[in-house]
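Engineer:
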Amino acid sequence: MISMMQTDFLKIKRKGFWFLTFLGPIGVVALQMVNYGVRKEYLLQQSENDWLYYLQNISVFTPLALVLGIAIFTSFIASIENETNAWKQLISLPVSKMMVYLSKFTILACLLFISSILLMLFTLGFGIFLSFDEAIPWWELVKYSFYPYFAALPVLALQLWIATVSKNQGVPITTGIFGVIFAYSAYMLPDWMIWKWPSLMNQWDEPLINVLLGLGVGCLLYVMGMLDFTRRDVK
Amino acid sequence: MEYIVETSNLSKRFGKDLAVEGLNMKISKGEIYGFLGPNGAGKTTTIRMLLGLMKPTSGRIRIFGQDIKQQRKNILAKVGSLVENPSYYPHLTAYENLEALRKIIGVPKQRIYEVLEIVRLTEVADKKVKGFSLGMKQRLGIAMSLLNQPQLLILDEPTNGLDPSGIIEIRELIKRLPEEFGMTVLISSHLLTEIDQMATTVGIVTKGKMIFQDSIETMRTLAGHAISLKVSQAEQAWRLLLANGMKVEHESGLIMLHESSNEMVAEAVRLLVQANLSIYRVEEEKRSLEDIFLSMTREDSAV
Amino acid sequence: MGAVLRSEWYKLRKSKILPIIFAGPLIAIIIGALFNYDSMEGGFNKWYLAVLSMNLTYALLFLPLITGVLASSICRYEHQAGGWKQLLALPVTRGNVFISKYVLLLLLVFLIQLLYLGAIYIVGIINGFTDPFPLEIIWKSIIGGWLATFPLVALQLWMSIVFKSFAAPFAVNVIFTLPTILAVNSERFGPFYPWAQPFSMMYIGGSADDVFFVPWEQVLTVVGGSFIIFFLGGYIYFQRKMI
């Protein structure tokens, strides 16, 4: 498994994966840099707790960046194998197909996790720079940085499955567009839709539920995708 | 006898089409097995099933005496393959492409240099594969297939896109493999000449069915020697020989004698001379392998 | 030129693009149907409410993003198996090929806009609107949104010619499209941000003094200007691209 992942890390070299891993969180925070740069006074008046309000502003874009990042990453990693139909080469090695699939999933989960860490660091950095009056709400910072990640795992599992079984990568990308539109409209979606979960909204107002749902349903969708992947003939 | 590759009643159906039908393939150790057939005959589908890329609709595959369904990983650890066009990652160098494979199969790094040397790509090892010529990509594909020091090497149309000197090079390489490394080789092609120069055993497949499987020598004897006789009165000569129990045919003024042992020819000539017929020519008609191949694949049955 | 365009259309027809075309109206219907119209007080025309809520996702995110998918789709079969060299070895100029693909994309986007119009109507029927259908205003919105995609389509065609994969041009598209969410809230930056123009030009709450919902100067400078930059960029890149 470790060697499989080393191989996958080698394959994503020079393809912009690392660039996007950094760009995602930078972009999310940069949007708030512009936002606060343009109308800091106005934004400070909006809330009693400026740190929390700032975190909420950040968290408007986190689900969107996550859902889109997942769509891009999964389609990208499938394209690498699709380009010269390297699936046949890969699958005729002495590795199980489940391992191939698990490795891809794990690699992307790692990259997205790194993105989440970076998001926390950048959020913290710019937050300190803005020098709010309140103390840094550490726990909230961790929550807003990592909860959406876990809540987005079902989307990762679904998109990876679509990307690996679609010959036409327009399909997973279009699914990704649907996903981002759902994520953007999260406030009006029913609770069962997986694209709502990264927004951490639910009727009980308890973000932890979304994290647990994300882990549970994420595993379920992952297993379903993997089983379908192993069942298919490789062309 | 223990076979390296043995399929029994192997079939694969795509929707309504039977791509492979009741295929029984037998490959013994140390052979170079030429898998021959026109494009679209089911060669690549068979090879994909041998590698576990596709699941057979019915039938069984045993490689190294083990069932592919149960022992896929163990089997593939000892198999090298190149299916159709070489698969590679264009944004990586030749070395990195091999390294990506090496990490999975776990041979020493030294092996990368060895296989690069074997296919003579050492000098371009650090160039991105994107800029390689077709022949170089094909050689890289062969290097990839050799990386795990396989006991069974499966090459699907390996000389595709190679120039004549490249073809000769690869051919010489393949011929060396059984002796030097004890490998068994399965090589598919739609070109008979290609197989004729390498293979020790031949399997001919057309429309998904195996229509011939035997040593290349047997195939060559099938190429047979018919003797053609040109005589003054063909009709009369034909009847005479036929009356003496010989297998002859009469076509466009020529007598074709199908049994071509020396005694038989001498006997025929003697009979004709005694009947006062003039014999103008006695010639050996050699059917080329190409002819046999074409007639086999046309009629779907062994000659 | 006509022949190249017909050939492009033929190739496209064979490439299963229909589901992508219908994705737009589908999502618009979903959003339109989910919206709670009774939550709004006062005597608004319900059609206005529907269009405003649907536009929020359709024009802000869907329309800019889908242009990228269309552009990648139209280049996909050229990247596969050496289609570019085959195509350019024919007696056609590269300029013709580029313009044909561009025109075809614009037609597709227009088709999506028409379907969106249909989607608005369907949402109205589902919700049983009795207010008069504000045809003129919605037409303005449809055509305006279409014009506003001209530069975006040009950039996406350019990116799709550069990159083989779907993911890379889409990443570029995402990077420019996401900030729109902030940009449309800003009176200072919104008008100058090309990716915000589809939303602004479809925003039926905008000033109706001009033909469209944004002033003519903005249409000409921002949409026109970015169109020229992206179109020429792609055109020149394609002329020089090594096939």
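Residue numbers (the numbering used here), protein chains in the order written: chain E, 314 to 548; chain D, 856 to 1158; chain X, 5 to 247. For each residue, glycine too, the CB sits at the ideal point set by N, CA and C.
Report the CB separation of LYS1064 (chain D) from GLU876 (chain D) in whole angstroms; it is logged as a contact under 8 angstroms.
Structural biologist: That belief holds up - the Cβ atoms of LYS1064 (chain D) and GLU876 (chain D) are roughly 5 angstroms apart, short of 8 angstroms.
Engineer: Identify, in the order they occur along the chain, each residue of the same chain with its Cβ nearer than 8 angstroms to the Cβ of LYS982 (chain D), setting aside the five sequence neighbours on each side.
Structural biologist: Excluding residues within five positions, the ones whose Cβ falls inside 8 angstroms are THR948 and ALA949.
Engineer: Using C-beta distances below 6 angstroms, list every residue in its chain close to THR61 (chain X), excluding the 5 sequence neighbours before and after it, in chain order.
Structural biologist: Hits under 6 angstroms: ILE35.
Engineer: Verify the CB distance criterion: does HIS946 (chain D) have a CB-CB separation below 7 angstroms to chain E?
Structural biologist: Yes, because at least one Cβ of chain E sits closer than 7 angstroms to the Cβ of HIS946 (chain D).
Engineer: Kindly list the residues whose CB is nearer than 8 angstroms to the CB of LEU1149 (chain D), restricted to its own chain and excluding five residues on each side of it in sequence; keep chain order.
Structural biologist: Counting only Cβ-Cβ distances below 8 angstroms, and skipping sequence neighbours, we find nothing.
Engineer: Of the residues D:ALA1098, D:SER936, D:ASP872 and D:PRO945, which one's Cα is nearest the Cα of SER912 (chain D)?
Structural biologist: Looking at the sequence shown, residue 912 (chain D) is not Ser but Thr. Selected option, being the one with the closest Cα: D:ASP872.
Engineer: Could you tell me the distance, in whole angstroms, from the CA atom of ALA27 (chain X) to the CA atom of VAL127 (chain X)?
Structural biologist: So the two alpha carbons sit approximately 15 angstroms from each other.
Engineer: How is the beta strand (DSSP E) around ILE1042 (chain D) delimited, first residue to last?
Structural biologist: Where ILE1042 (chain D) is concerned, the enclosing beta strand (DSSP E) stretches over 1039-1044.
Engineer: Just checking: is the beta-carbon of LYS958 (chain D) within a distance shorter than 7 angstroms of some beta-carbon in chain E?
Structural biologist: Yes, because at least one Cβ of chain E sits closer than 7 angstroms to the Cβ of LYS958 (chain D).
Engineer: Relative to the C-alpha of SER76 (chain X), which residue among X:PHE196, X:LYS105 and X:ARG244 is closest?
Structural biologist: Ranking X:PHE196, X:LYS105 and X:ARG244 by Cα distance to SER76 (chain X) puts X:LYS105 first.
Engineer: Quick one: what's got a C-beta closer than 6 angstroms to VAL547 (chain E)'s C-beta in the same chain, skipping five residues either side?
Structural biologist: So the qualifying residues of the chain are TRP400, LYS401 and ILE404.
Engineer: With a threshold of 16 other CB atoms inside 10 Å of the CB of GLY1037 (chain D), please say whether the residue is buried or exposed.
Structural biologist: Burial call: exposed.
Engineer: Taking a Cβ distance cut-off of 7 angstroms, strictly less, list which residues of the stretch 389-402 of chain E are near chain D, in chain order.
Structural biologist: Result list: ILE393, GLU396, THR397, ASN398, ALA399, LYS401 and GLN402.
Engineer: With a cut-off of 7 angstroms, does the C-beta of ILE24 (chain X) fall near any C-beta of chain E?
Structural biologist: Yes, its Cβ sits closer than 7 angstroms to a Cβ of chain E.
Engineer: Can you tell me which of the three DSSP states LEU1149 (chain D) falls into?
Structural biologist: Helix.
Engineer: Compute the Euclidean distance between the alpha carbons of GLY531 (chain E) and ILE325 (chain E), then round it to the nearest angstrom.
Structural biologist: Distance between the alpha carbons of GLY531 (chain E) and ILE325 (chain E): 24 angstroms.
Engineer: Along the stretch 167-184 of chain X, where does the CB come closer than 8 angstroms to a CB of chain E? Name the residues.
Structural biologist: Against chain E - using a Cβ distance shorter than 8 angstroms - the residues of the stretch 167-184 of chain X are LYS168, SER169, PHE170, ALA171, ALA172, PHE174, ALA175, VAL178, ILE179, LEU182 and PRO183.
Engineer: Could you check whether the stretch 966-978 of chain D touches the stretch 929-937 of chain D, counting it as contact only if at least three pairs of C-beta atoms, one from each stretch, sit closer than 8 angstroms?
Structural biologist: Flag = no, the stretch 966-978 of chain D and the stretch 929-937 of chain D do not touch.
Engineer: Beta carbon of LEU381 (chain E), beta carbon of VAL178 (chain X): below 7 angstroms?
Structural biologist: A contact, by the Cβ cut-off of 7 angstroms.
Engineer: Find the residues of chain C that neighbour THR436 (chain E), judging by a C-beta separation of less than 7 angstroms, and give them in chain order.
Structural biologist: Among the protein chains of the structure shown, namely E, D and X, there is no chain C.
Engineer: So that I know if they touch, is there some Cβ in chain E lying closer than 7 angstroms to that of ILE165 (chain X)?
Structural biologist: It does not; no Cβ of chain E falls within 7 angstroms.
Engineer: What is the DSSP secondary structure of VAL1158 (chain D), reduced to helix, strand or coil?
Structural biologist: Note on VAL1158 (chain D): pLDDT 41, under 50, position unreliable in the model; the coordinate value appears next. Residue state, collapsed to three classes: coil.
Engineer: Could you give the distance in angstroms between the alpha-carbon of MET318 (chain E) and the alpha-carbon of LEU908 (chain D)?
Structural biologist: Each residue's Cα considered, the two are about 21 angstroms apart.
Engineer: What does DSSP give as the partner residues of ALA1081 (chain D) in its beta bridges?
Structural biologist: Paired residues: D:GLU1140.
Engineer: Whole angstroms is fine: what's the gap from ILE233 (chain X)'s alpha carbon to THR1014 (chain D)'s?
Structural biologist: Roughly 48 angstroms separates the two Cα atoms.
Engineer: Shortest alpha-carbon distance to ALA171 (chain X) belongs to which of E:LEU406, E:THR320, E:PRO467 and E:GLU396?
Structural biologist: Residue E:GLU396 is the option with its Cα nearest to ALA171 (chain X).
Engineer: Suppose the cutoff is 7 angstroms on Cβ atoms and the five residues either side in sequence are ignored; what does the same chain contact list for VAL1158 (chain D) look like?
Structural biologist: Unreliable positioning characterises VAL1158 (chain D) in this predicted model, as indicated by a pLDDT of 41, which lies under 50. The coordinate reading is nonetheless provided below. Contacts found: LEU1077, ILE1147, SER1150 and MET1151.
Engineer: Taking all protein chains shown into account, decide if MET411 (chain E) is buried (16 or more other Cβ within 10 angstroms of its Cβ) or exposed.
Structural biologist: With fewer than 16 other Cβ atoms within 10 Å, it is exposed.
Engineer: I'd like to know if LEU928 (chain D) contacts chain E, where contact means its C-beta is closer than 7 angstroms to some C-beta of that chain.
Structural biologist: According to the sequence as given, residue 928 (chain D) is Lys; it is not Leu. Chain E, which has a Cβ nearer than 7 angstroms to the Cβ of LYS928 (chain D), makes this yes.
Engineer: Is it right to say THR1073 (chain D) is buried, meaning 16 or more other beta carbons lie within 10 angstroms of its own, or is it exposed?
Structural biologist: Its Cβ having fewer than 16 others within 10 Å, THR1073 (chain D) is exposed.
Engineer: Please look up how many angstroms separate the CB atoms of LYS928 (chain D) and PRO407 (chain E), rounded, as I've assumed it's under 8 angstroms.
Structural biologist: Yes, LYS928 (chain D) and PRO407 (chain E) are in contact; Cβ-Cβ is about 5 angstroms, under 8 angstroms.
Engineer: With a cut-off of 8 angstroms, do at least 3 Cβ pairs link the stretch 374-394 of chain E to the stretch 516-528 of chain E?
Structural biologist: With the cut-off at 8 angstroms, the stretch 374-394 of chain E and the stretch 516-528 of chain E do not touch.
Engineer: Quick one: which residues of the stretch 488-503 of chain E get their C-beta closer than 8 angstroms to a C-beta of chain X? List them in chain order.
Structural biologist: Answer set for the stretch 488-503 of chain E: GLY489, ILE490, PHE491, VAL493, ILE494, TYR497, SER498, MET501 and LEU502.
Engineer: Using a Cβ-Cβ cutoff of less than 6 angstroms, which residues in the same chain neighbour SER458 (chain E) once the five nearest sequence positions on both sides are dropped?
Structural biologist: Only SER429, LEU432 and MET433 meet the Cβ criterion.
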